[in-house]
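Residue numbers (numbering that gives the first Met the number 0), protein chains in the order written: chain X, 0 to 597; chain P, 0 to 597.
The C-beta atom is built at its ideal place from N, Cα and C for all residues, glycine as well.
Number of protein chains: 2
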Amino acid sequence: MGDATSTRQLTAWMAGFAASLDRRDGAAAVAMFDDDSYWRDLLPFTWNIKTLEGKGSIAAMLDATLHEAKPGNWLIEGDASVSDGVTEGWFTFETEAARGKGHIRLKGGKCWTLLTTMTDLKGFEEKTGVTRDKGVEHGVIKERRTWLERKTLAEAELGYGAQPYCVVVGGGQGGIGLGARLKRLGVPTIIVEKNDRPGDSWRKRYKSLCLHDPVWYDHMPYLPFPDHWPVFSPKDKIADWLEMYTKVMELNYWHSTECRSASYDEESKEWEVVVERGGETLTLRPKQLVLATGMSGVPNVVEFPGAATFKGMQHHSSKHTSGEAYAGKKCVVIGSNNSAHDICADLWEHGADVTMIQRSSTHIARSETLMELALSGLYSEAAVKSGITTDTADLIFASVPYKIMPALHVPVYQQMAERDADLYARLEKAGFLLDFGEDGSGLFMKYLRRGSGYYIDVGASELIADGRVKLKSGVTVQRIKEHSVVLSDGSELPADLIVYATGYGSMNGWAARLISQDVAEKVGKCWGLGSGTAKDPGPWEGELRNMWKPTRQPGLWFHGGNLHQSRHYSQFLSLQIKARMEAIPTPVYGMGKVHHVN
Amino acid sequence: MGDATSTRQLTAWMAGFAASLDRRDGAAAVAMFDDDSYWRDLLPFTWNIKTLEGKGSIAAMLDATLHEAKPGNWLIEGDASVSDGVTEGWFTFETEAARGKGHIRLKGGKCWTLLTTMTDLKGFEEKTGVTRDKGVEHGVIKERRTWLERKTLAEAELGYGAQPYCVVVGGGQGGIGLGARLKRLGVPTIIVEKNDRPGDSWRKRYKSLCLHDPVWYDHMPYLPFPDHWPVFSPKDKIADWLEMYTKVMELNYWHSTECRSASYDEESKEWEVVVERGGETLTLRPKQLVLATGMSGVPNVVEFPGAATFKGMQHHSSKHTSGEAYAGKKCVVIGSNNSAHDICADLWEHGADVTMIQRSSTHIARSETLMELALSGLYSEAAVKSGITTDTADLIFASVPYKIMPALHVPVYQQMAERDADLYARLEKAGFLLDFGEDGSGLFMKYLRRGSGYYIDVGASELIADGRVKLKSGVTVQRIKEHSVVLSDGSELPADLIVYATGYGSMNGWAARLISQDVAEKVGKCWGLGSGTAKDPGPWEGELRNMWKPTRQPGLWFHGGNLHQSRHYSQFLSLQIKARMEAIPTPVYGMGKVHHVN
């Protein structure tokens, strides 16, 4: 609860902190932090996405950045609140280049967690509210050009007569949301998308697909869904929304366009991006190149021995559209994560005989339980009613350092294990290999660490539990024959269809494909925190590798993630690009070392 | 300012009022009104849009409605505020059938103005927030139909296998906004539009057209414009918005479809609506028919003597697209209202030699002055900042009875006359005939009374004032010759182009065209308050005739007006239609007499 005492306490802390920073006295500022402390900076100090862990790291960061950042004008916003001995609150501040908003938690009078985020570049604010365009030029103007004429001309010119400052490869939700932010910041941008229409990357997926995250989590920037929008958007509905969004946000969206290759000229500091559009090969020369080709990266198409001899149908899960054609057919789905479960259910619903091959353990979280236990505090109708806007929710979410996140999540998933004990017991009885993550921290940590290893249960687990979908678990695929799949336990499954739900590689696979293997290795693996758990090798990074922040390749950026992440982090990616366009100094602090090339 | 004393006063008044109504004691309730009092009811008591003026009218209304309406549960919402001796505040209430929201003003402890509006039909509330659809059916379902499959099937079926409950003729902003409300209420509706795409009624207008009302006034229901949307939307931009809105709201929008005729079967209480769609003639059989063909109605094409002999180009203002073709040409624009001014400016900007013919006086309001003096309290960035949502603004706007509106507007336009005295002086010097309405009440009253007689100046007045656009005023057109226009003062204007900016007829002209002259005369004139001023013959009605409320023709409704009116009144029109669909009793009180057939 908000109260006067904690607000006074926070105000006093902030006054001391501000005074130290005004004197550029980093040591005095650091002395106000707890030994167990974290400062998460989304740009203002580091021009990076960076969590400083402990006083030593914070001191080093301040030492390196304070004199250029020139922070000031720290102001507590609203009342502080206190619970479990932790006082927390909001504040605003400025740096030389920008304005920011932050969140702080105090423990025993010292700072435990600090979040500093950039909201605006001074002098380059988005036009909104009172600063919005007038739309019409009043008065009389000879040879007046209308909005439509100007728009049509600019669209025809960009990429031909005039070069975009930025090219975004991939026009899914990520590219579109980022495109909208860049548009509002006045960064000339082209979004390159191979499909015919915005939203097609959803439309082309298996037809039963719905968003697994609820509507409150999924808003796009600037234009929230209306309040009747369904909790879980069907894929074609979200596709239509994205198409409409692209249109009304006036994005330069080059549909039916394929990016063939990209190379960086170190001298001119310019990309040469070769695209095919309307049967023509064009070269774009942007300064910044964003790969927004899906955080899941390149489909991981495993070449099982003998696959070439298979006489039935076989495809990667990303190519699966519907089970309609498989009534009465024997289908083998290799994999046991989200897509594998959805596809098994789809095939079963269409009357197929389905077997899932589970090669390693999987975390199962029932959708309803997940929403209630893990998301409802920030993203739910109740949160909206209690005044938590999407923006506030995103900032609270961002205020928890990744280092301490697992410890906060473990109890949530313990509760989940209890609540859904019956389902878990039945799944285990059916032979399903369950886990809750190596440290019991559950779904979201798995998502951050490896982007895989779980299924948000919307029904398929019941099919597994009661054997309607057959299960072979703890086996690997030994080889594929003309009409069957042979497993490591010696069993042989007859098959008319094999679906490889074998996941995706790292996003830098796209860099290898479009730019070069050299550049892909130079930037290294994308995603993952360096937790040292499966598929997330250490050392510890504390932030997602290469996502939304400078990489080892100048002018190359990676953008992706779920709708929540795309929405929130596109803010910081767009500000970084805008700052470079306006030649605002952007000294990057704490660029990560590259330990893994994929 | 909100204060405890006035809140107590209002609470006490409401307690007394509620107690009287709970006893069904109309006389006691009426005794709490001032002699000078107004009760504006948007459905809950009257199932009509009705202002009761004075205690006698209020008593009669209560007498007729109280026992069926069964009002109750009156609750003051928020704090009251007081200024100039008037205490005002908000409240909620219920009737047997519905929930409502209201606004009240007390003067000397008695009620001066009361507004009661219907927000929901009990048991038929719109699905929103917590009651929104889930979007996906969790669990596994054999033969599952996806959202897209269900939508595609329903769209193919409606109008062929299944009949819509409602047909809306006209898919402009009005039809679309109403369609969205009916959709959310679950009323099967088809919108019939002759153009190819939603928004074409804007796209096809003269190319320099922008909305004359600012963005805060123009939001559509449910999905407000994002906060960078320009103040004055260019016509093609608003057109794109309407197209996308139609799509994401999932309206059954039959584009490229013409309504040929409609007739009502008194026995089956069903319309027979003949439309042409895709080269096919179809008959739709809805219970309710809405004409949303533009509040301006049928273009008023005046047949001046000799017009048929004219050798140049001539068209009604509604057909004017651009001045591009007229550089160096002699153009005569007959008329002096909004369209006439916009078209004169457009022609002049394209290098034409332009003469405006002003036949009678016109009210000129500079756009900036109008926004600042007349709109900014409710519809502006400042209003948004001070917490006035669009919904609140609409209700405050609706809370002022039309009877007292002119008196409130006169001082605003006096201020306008002072502020822009220089422009007005120069216009008069150029011969322009100015007015501020017969009683000095200015633009909005002219709009309500006659829907014409003014120009919102966005630049053309300067052209008139300094003679760049020539003016002939106080004359009428005597005849048209092969190459000229002859005026009543004997002068003759050579002309290559004549634009007839001669306005529009009443909306019931559409009823005459589509249904029959009989029905058009039975419902009578649309729009106008009965003020007894020019083009708004008495007797006094106190509300817009036939708009958004029951007409003398069962099952026939008129919808239209500017974006603000379409947004707000579509709420009440949609609730009336839904109530009839659900067979909720809707006894209409105070149906207006028909005094004028057009």
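{"query": "DSSP state of D62/P mapped onto helix, strand, coil", "result": "helix"}
{"query": "Nearest neighbour of V166/P, chosen from E52/P, D264/P and V289/P [CA to CA]", "result": "V289/P"}
{"query": "Residues near N47/X by beta carbon distance below 8 Å, same chain, minus five either side", "result": "D40, K548, P549, V587, Y588, G589 and M590"}
{"query": "Which listed residue (W215/P, K469/P, Q570/P and L65/P) has its alpha carbon closest to that of L181/P", "result": "Q570/P"}
{"query": "Option in G523/X, H315/X and E275/X with minimal Cα separation from C258/X", "result": "E275/X"}
{"query": "Reduced DSSP category for F309/X - H, G, I as helix; E, B as strand; rest coil", "result": "coil"}
{"query": "S232/P beta carbon less than 9 Å from that of D217/P", "result": "yes"}
{"query": "Inter-stretch contact at 8 Å, needing at least 3 Cβ pairs: the region 353-370 of chain P / the region 454-464 of chain P", "result": "yes"}
{"query": "Proximity below 9 Å, CB of G672/P to CB of H408/P", "result": "For residue 672/P there is no data in the structure shown, the boundaries of chain P being 0 and 597."}
{"query": "Integer-rounded CB distance, given that N597/P should sit under 8 Å from G527/P", "result": "Not quite, the Cβ-Cβ distance comes to about 11 Å (not below 8 Å), so this is no contact."}
{"query": "Rounded straight-line distance, which links the Cα of V484/P to that of Y499/P", "result": "12 Å"}
{"query": "Proximity winner among D195/X, T94/X and D352/X, relative to N72/X (alpha-carbon distances)", "result": "T94/X"}
{"query": "Stretch-stretch touch, CB-based, cutoff 8 Å, three pairs: the region 557-570 of chain X with the region 69-89 of chain X", "result": "no"}
{"query": "Inter-residue Cα distance where the pair is T116/P and L486/P", "result": "51 Å"}
{"query": "Counted within 10 angstroms of its Cβ, other Cβ atoms place V518/P as buried (16 or more) or exposed", "result": "buried"}
{"query": "M355/P at chain C interface by Cβ criterion, 9 Å", "result": "No chain C is present in this structure, whose protein chains are X and P."}
{"query": "Below-9 Å beta-carbon distance, R131/P vs any chain X residue", "result": "yes"}
{"query": "CB-CB length for Y244/P against I175/P, believed under 8 Å", "result": "6 Å"}
{"query": "Where Q287/P falls: helix, strand or coil (DSSP)", "result": "strand"}
{"query": "Endpoints, alpha helix (DSSP H) assigned at T389/X", "result": "T389 to A397"}
{"query": "CB contact below 9 Å: H137/P versus chain X", "result": "yes"}
{"query": "Beta-carbon separation (whole angstroms), C525/P vs R544/P, contact threshold 8 Å", "result": "6 Å"}
{"query": "Below-9 Å beta-carbon distance, R196/X vs any chain P residue", "result": "no"}
{"query": "Endpoints, the alpha helix (DSSP H) within which M404/P is located", "result": "M404 to R418"}
{"query": "W89/X burial status per 10 Å Cβ neighbour count (16 or more: buried)", "result": "buried"}
{"query": "Near the ligand COA: W12/P beta-carbon under 8 Å from a heavy atom", "result": "Ligands displayed in this structure: none; no statement on the ligand COA is therefore possible."}
{"query": "Whole-number beta carbon distance between T532/X and E437/X, since they are thought to touch under 8 Å", "result": "5 Å"}
{"query": "Three-pair Cβ contact test at 8 Å for the region 304-317 of chain P versus the region 463-470 of chain P", "result": "no"}
{"query": "Contact under 9 Å by Cβ, A344/X with V139/P", "result": "yes"}
{"query": "A326/X versus R149/P: straight-line alpha-carbon distance, rounded", "result": "21 Å"}
{"query": "Boundaries of the alpha helix (DSSP H) in which F571/P is found, first to last residue", "result": "L562 to M580"}
{"query": "Secondary structure of S5/P, DSSP reduced to three states", "result": "helix"}
{"query": "Cβ-based burial, W539/P [other Cβ within 10 Å; buried from 16]", "result": "exposed"}
{"query": "Candidates G322/P, W111/P, A97/P and G99/P, of which the one nearest E87/P by Cα", "result": "W111/P"}
{"query": "Identity of the residue in T10/P, Y205/P and E371/P nearest T91/P by Cα", "result": "T10/P"}
{"query": "Boundaries of the beta strand (DSSP E) in which A97/X is found, first to last residue", "result": "A97 to K106"}
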